[in-house]
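Residue numbers (our numbering), protein chains in the order written: chain E, 38 to 264; chain U, 38 to 264. The beta-carbon is built from N, C-alpha and C at its ideal position, and this holds for glycine as well.
There are 2 protein chains.
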Amino acid sequence: MPSPTDGPADERADRPLPGRKREARANDTAVLAAAREVFATQGHGASMADVARHAGVGVGSVYRRYPTKDALVEALRVHGVREAARLAAEVADEVERTPREGADGGVGTFLARQITGATGPLLRPTGATGPLPADLAAATDDLRAGLERLVAHDRAAGVLPAGFTTADVMQLLLHLRPSLPFPRAEADALHLRYLGLVLSGLRARSGDGEPLGDGPRWDEWVGAWHD
Amino acid sequence: MPSPTDGPADERADRPLPGRKREARANDTAVLAAAREVFATQGHGASMADVARHAGVGVGSVYRRYPTKDALVEALRVHGVREAARLAAEVADEVERTPREGADGGVGTFLARQITGATGPLLRPTGATGPLPADLAAATDDLRAGLERLVAHDRAAGVLPAGFTTADVMQLLLHLRPSLPFPRAEADALHLRYLGLVLSGLRARSGDGEPLGDGPRWDEWVGAWHD
DNA sequence: GGTGAATCGGAACGGGCATTCCGTTCCGAT
DNA sequence: ATCGGAACGGAATGCCCGTTCCGATTCACC
């Protein structure tokens, strides 16, 4: 009994949903959360059955929402990039409002929070992916905008050398977060240790003469992961 | 040193081998090389059939020398650690002989060469491994000895802050080499870019007052990967 | 040349996992 | 109270991959 003109999407998500749909919606978020946890813990090779079990649903329910394992991973990635974009904007707001926010600068603060954040590391694409999906592209653009603000601010504040790019920030995210065989707290501490080192290096390079060559361009970075 | 793991004692290896054994020996090194390449390219999930094909032998021949996929990966890891130990000793010799070897210091030079070296990244254990095998333990000790020399030298030269440990070097190796979706040359350039940043940070921390907390201890690091 | 042993390559086996299919359950409307 | 259909859980399916097995091949030695 769908409404006569109902298109492919039902967008009003705020109202109290009818019971059965409510469960579906709840299942969906449960699946996403379970997937995030399971993939973070066991890596890419975790089974769909595992995800389903963690979410407390059957595999069928997982597949109804995400037609394929790759699609599920994709959804996770989009979510991760959106979160990162949100964080970048948030930090940019802070540092632009209070110029003396901290010695780390906006980029450093962003990286630190992203590293210790609950969302987990940004997932990398499954492999030979096609052209990048629209929703990911949009999220990616938002992220870039936020990073642009951070980099501009820090450069003006003199804690970033010329040649440092927004793509550098993404690369650092990758570099600063290899999975370590330690409990989360210890691993985070180690990651922050190296972040601190890099930030010192950045500040030193910014202060003294020794220049840093030009970093990768954003579109190079995005392009390299797709197609 | 051809003996992959251990075997019945037929170790007279120097003389020109009889034809058939020569082929076996050749196959063995071909398999090792193929495995290194295939795993480096396709990651851990590459199939044994792929390895065999790359080596130009049948799967049966691979399994005759390496009873299991994990055993093959193990052999690769041991090889990698041995190479790293050799490199560390070599660089230590250089910097100890010519004190002004370069601004990078011994640790920086070691990291740079290890990153761009042909041996590829150090593989991480398969997962829940048991206690660490004897040959790996020996290679690991050699590596530690070499790193100890490098760290001592650099600290004396004033390019490393107190608190920086040999285990830090290993962690840095992990941090500095995430796989990047770029051709080898470009990826290497990026890795070296971040290595340069870290080294700047290290030098800065060494010069100015701001201390670096104590890094991980070697045995913690080794222990975390096994058992 | 002929023979036995060691090695080879690849077909066959078994298990695990992504994906599909279907009988059951539950909600809302009649 | 009953019915239609949407959502559910999990069994069944098909494929890929690690591993095993075996007949063919090759070489050393006679």
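Residue i and residue j look like a contact to me (Cβ under 8 Å); what is the Cβ gap, rounded to whole Å?
i, j, result
"residue 156/U", "residue 181/U", "Rounded, the Cβ-Cβ distance is 18 Å, inconsistent with contact."
"residue 94/U", "residue 67/U", "7 Å"
"residue 252/U", "residue 238/E", "Residue 252/U to residue 238/E, Cβ: 17 Å. No contact."
"residue 183/E", "residue 126/E", "4 Å"
"residue 198/E", "residue 242/E", "4 Å"
"residue 215/U", "residue 211/E", "5 Å"
"residue 176/U", "residue 118/U", "4 Å"
"residue 187/E", "residue 128/E", "6 Å"
Going along chain E in order, which residues have a C-beta closer than 7 Å to the C-beta of residue i?
i, result
"residue 212/U", "212, 213, 215, 231"
If the cut is a Cβ gap below 9 Å, which residues of chain E does residue i touch?
i, result
"residue 143/U", "Correct list: empty, because the minimum Cβ distance to chain E is about 17 Å."
Answer yes or no: does any C-beta atom of chain U fall closer than 8 Å to that of residue i?
i, result
"residue 259/E", "no"
"residue 208/E", "yes"
"residue 101/E", "no"
"residue 147/E", "no"
"residue 76/E", "no"
"residue 222/E", "no"
"residue 109/E", "no"
"residue 104/E", "no"
"residue 253/E", "yes"
"residue 248/E", "no"
"residue 256/E", "no"
Would you mind telling me which residues of chain U sit closer than 7 Å to residue i, beta carbon to beta carbon, in chain order?
i, result
"residue 117/E", "By Cβ distance, chain U contributes nothing, its closest Cβ being about 16 Å from residue 117/E, past 7 Å."
Nearest chain E C-beta to residue i closer than 8 Å, yes or no?
i, result
"residue 169/U", "no"
"residue 238/U", "yes"
"residue 262/U", "yes"
"residue 227/U", "yes"
"residue 218/U", "yes"
"residue 42/U", "Below a pLDDT of 50, predicted positions are generally treated as unreliable, and residue 42/U, at 32, falls in that range; the measurement from the model is reported next regardless. No, residue 42/U does not count as interfacial toward chain E."
Applying a beta-carbon distance threshold of less than 8 Å, which residues of chain E neighbour residue i?
i, result
"residue 8/U", "One cannot answer for residue 8/U here, as it falls past the ends of chain U, which runs 38 to 264."
Between residue i and the ligand ADP, is there a pair consisting of the residue's CB and a ligand heavy atom that are separated by less than 7 Å?
i, result
"residue 147/U", "Within the structure as shown, the ligand ADP is missing, as the structure has no ligands at all."
Quiz prompt | Under 8 Å (Cβ pairs) to chain E, residues found in the region 174 to 195 of chain U | solution = Flagged: no residues at all.
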